[in-house]
Amino acid sequence: MKKIGVLTSGGDAPGMNAAVRAAVRKGISLGMDVYGIERGYAGLLDGDIKKMEWKSVGDILQRGGTILRTARSERFNTQEGEAHAAMMLDTFGIEGLVVIGGDGSFRGGLALAEKGIQVMGVPGTIDNDLGYTDYTIGFDTAVNTVLSLVSNIRDTASAHERTTIVEVMGRHCGDIALHAGLGGGADVILVPEVPLDINLVCRKVLRGQQSGKLHSIIIKAEGVEMSANELAKIVEERTGREARAVVPAHIQRGGTPSGRDRCLASLMATKAVQLLYNDESSKGIGICGSEIVAYDLAEALQIKRDFGQDIYDLAEVLS
Ligand code: ATP
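Encoded structure:
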């Protein structure tokens with residue numbers, strides 16, 4: 000394979016740039032022409048495709064966001080859109096594609112794979128919601144961003160003897176809440192994988208108050224059906240202590256990627272390009288333990304996520 004493309008798609012995640020850099024430089028080092036496709040599948044449809052050089056990806060390793068920019072494209076997600084995208088790749092002579100994104104982006108990649116393009120999926124999403132890989136690129140940075148925020152909240156919440164509900168991202172997956180909850184010493188962790196029991200939440204907060212705690216931290220995943228404001232109202236009513244909601248929203252997506260995300264991105268994207276070079280069929284790249292793995296792309300998307308019950312239980316014991 001001589002010509003490959005790389006794109007970032009769906010929500011941005013810190014570490015995507017490190018993945019783009021690795022894909023471009025690995026490809027060039029193997030003697031391939033590497034094309035950067037802007038704005039994910041939207042840019043592919045529009046032919047926003049440019050040849051990348053070694054220097055094109057200089058000084059981006061430490062930057063959040065993605066220099067290729069990203070998009071969600073409904074136009075692509077149609078039979079005509081997918082056919083047009085395959086035709087654009089054919090026009091540029093691109094035979095293989097590195098797709099850096101989440102499950103939606105992988106499904107788009109699978110549609111292209113069915114049209115004869117070799118597609119390597121590199122999991123770039125803060126949500127950590129892909130079942131076939133232990134971790135996705137951006138997750139570690141997002142957890143660290145939430146942890147830094149929780150430290151600040153602890154200071155002010157203690158001073159005012161307040162309960163704070165921090166709503167974190169993750170869509171239908173509770174992993175950011177789970178890991179930030181354990182690492183941040185949350186009194187309560189609320190995730191979509193465990194049914195919400197409002198009585199239990201209030202009992203835990205009251206137990207903390209009665210034991211002399213000056214503040215309570217509840218970390219709630221956005222996938223939990225009750226909003227942070229609703230929850231704050233109920234908790235305040237039932238515990239008699241002021242409760243505030245904090246929703247950091249897109250702050251969790253930005254910022255310099257952690258060392259772990261940079262390394263993960265570099266290892267995964269390099270593997271993706273090597274597999275294209277070896278002419279392998281479409282794969283989803285992941286990490287299992289400390290090993291970089293590759294599953295058949297369609298199979299990777301079928302693997303269900305395991306909920307980290309052990310982490311949830313431990314956080315409960317330690318809070
Ligand atoms: P994140 O996890 O950060 O949200 P994502 O990759 O899951 O990232 P999506 O918005 O779900 O984000 O998907 C990105 C794009 O991939 C969509 O805008 C669409 O163009 C394409 N896509 C999503 N699902 C499909 C599908 N089933 N078939 C073809 N293309 C799809």
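Going by numbering that gives the first Met the number 0, the sequence shown opens with residue 0, and the numbers climb by one from there. We put the beta carbon where it would ideally sit given N, CA and C, even for glycine. These figures come from a predicted structure and were not determined experimentally.
Inter-residue Cα distance where the pair is residue i and residue j
i: Tyr311; j: Val246; result: 21 Å
i: Ser265; j: Glu290; result: 13 Å
i: Arg106; j: Lys232; result: 40 Å
i: Arg170; j: Leu44; result: 27 Å
i: His159; j: Ser150; result: 15 Å
i: Met15; j: Ser210; result: 44 Å
i: Ile99; j: Thr162; result: 38 Å
i: Ile66; j: Ser55; result: 10 Å
i: Ala185; j: Ser318; result: 6 Å
i: Val316; j: Asn143; result: 22 Å
i: Leu29; j: Leu96; result: 15 Å
i: Val118; j: Glu236; result: 53 Å
i: Met31; j: Arg62; result: 25 Å
i: Leu181; j: Gly173; result: 12 Å
i: Arg252; j: Ala242; result: 26 Å
i: Ile116; j: Leu189; result: 41 Å
i: Gly307; j: Leu146; result: 18 Å
i: Leu320; j: Ile3; result: The structure shown does not extend to residue 320, since the chain spans only 0 to 318, so no value can be given for it.
i: Tyr276; j: Val121; result: 16 Å
i: Lys303; j: Glu73; result: 25 Å
i: Gly46; j: Val204; result: 55 Å
i: Val33; j: Leu88; result: 12 Å
i: Ile250; j: Met168; result: 10 Å
i: Leu129; j: Thr77; result: 23 Å
i: Gly101; j: Gly108; result: 11 Å
Neighbour-count burial assignment, residue i, 16 or more Cβ in a 10 Å radius
i: Ala248; result: exposed
i: Glu79; result: exposed
i: Gly92; result: exposed
i: Asp309; result: exposed
i: Leu199; result: exposed
i: Leu177; result: buried
i: Asp305; result: exposed
i: Gln301; result: exposed
i: Gly39; result: buried
i: Arg206; result: exposed
i: Ala12; result: buried
i: Thr155; result: exposed
i: Asp126; result: buried
i: Pro194; result: exposed
i: Asp196; result: exposed
i: Gly220; result: The sequence shown places Ala at residue 220, not Gly. It is buried - the Cβ of Ala220 has at least 16 other Cβ atoms within 10 Å.
i: Gly183; result: buried
i: Glu224; result: exposed
i: Thr124; result: buried
Proximal residues to residue i (C-beta, below 8 Å), its chain only, five neighbours per side dropped
i: Asp133; result: Gly285, Ile286, Cys287 and Gly288
i: Gln208; result: Ser215, Thr238 and Arg240
i: Thr269; result: Ala21, Ala22 and Lys25
i: Ala70; result: Ser8, Arg38, Gly39, Tyr40, Ala41 and Gly42
i: Val19; result: Val5, Thr7, Gly35, Val56, Ile59, Thr65, Ile66, Leu67, Ile99 and Ala268
i: Asp295; result: Ser280, Ser281, Lys282 and Gly283
i: Thr255; result: Pro13, Gln61, Arg62, Gly63 and Thr140
i: Met0; result: Met31, Glu94, Gly95, Gln117, Leu275, Tyr276 and Asp278
i: Leu148; result: Val165, Val245, Pro247 and Ile250
The ligand FAD heavy atom lying under 6 Å from the CB of residue i
i: Ile93; result: No copy of the ligand FAD appears in this structure; the ligands present are the ligand ATP.
Cβ shell of residue i (< 7 Å), same chain only, five flanking positions each side left out
i: Arg261; result: Gly14, Ala17 and Leu60
i: Leu213; result: Ser157 and Glu160
i: Ser257; result: Asp139, Thr140 and Asn143
i: Ala396; result: No answer is possible for residue 396: the residues shown for the chain start at 0 and end at 318.
i: Asn228; result: Ala244
Same chain, Cβ closer than 6 Å to residue i, neighbours up to 5 away in sequence not counted
i: Leu263; result: Ile136
i: Val165; result: Ile218 and Val245
i: Gly103; result: Gly9
i: Arg68; result: Glu37 and Arg38
i: Ala299; result: Tyr131 and Gly283
i: Ala314; result: Gly180, Leu181 and Ile188
i: Arg259; result: Asp139
i: Leu230; result: Ile164
i: Val272; result: Ala22, Lys25 and Gly26
i: Lys339; result: The chain is shown only over 0 to 318; residue 339 falls outside these bounds and no answer can be derived.
i: Ile152; result: Thr163
Test: residue i CB closer than 7 Å to a CB of chain D
i: Ser265; result: Looking for chain D here will not work: only one protein chain is present.
Q | Contiguous alpha helix (DSSP H) assignments of at least 4 residues, all confined to the segment 148-220 | A | For the segment 148-220, the continuous alpha helix (DSSP H) assignments of 4+ residues that do not extend past its boundaries occur at 174-183 and 197-209, in sequence order.
Q | Segments of 4+ residues assigned as alpha helix (DSSP H) that fall wholly inside the segment 64-148 | A | Fully enclosed alpha helix (DSSP H) runs of 4 or longer: 78-90 and 102-112.
Q | Distance cut 6 Å, beta-carbon to the ligand ATP heavy atom: residue list by chain order | A | Every residue passing the under-6 Å Cβ criterion appears here: Ser8, Gly9, Gly10, Tyr40, Arg71, Ser72, Phe75, Asn76, Gly100, Gly101, Asp102, Gly103, Ser104, Arg106, Gly107, Ala110, Thr124 and Asp126.
Q.
Quick check for students: name the residue ranges of the beta strand (DSSP E) that lie wholly in the segment 16-59, counting only runs of 3 or more.
A. Runs of the beta strand (DSSP E) inside the segment 16-59: 32-36 and 48-50.
Q: Scan the segment 268-294 and note each continuous alpha helix (DSSP H) run of 4 residues or more that stays entirely inside, going in chain order.
A: If only complete runs of 4 or more residues are kept, the segment 268-294 shows no alpha helix (DSSP H) anywhere.
Q | Completely contained beta strand (DSSP E) runs for the segment 212-267, where each covers 3 or more residues | A | The segment 212-267 contains these whole beta strand (DSSP E) runs: 215-220 and 242-245.
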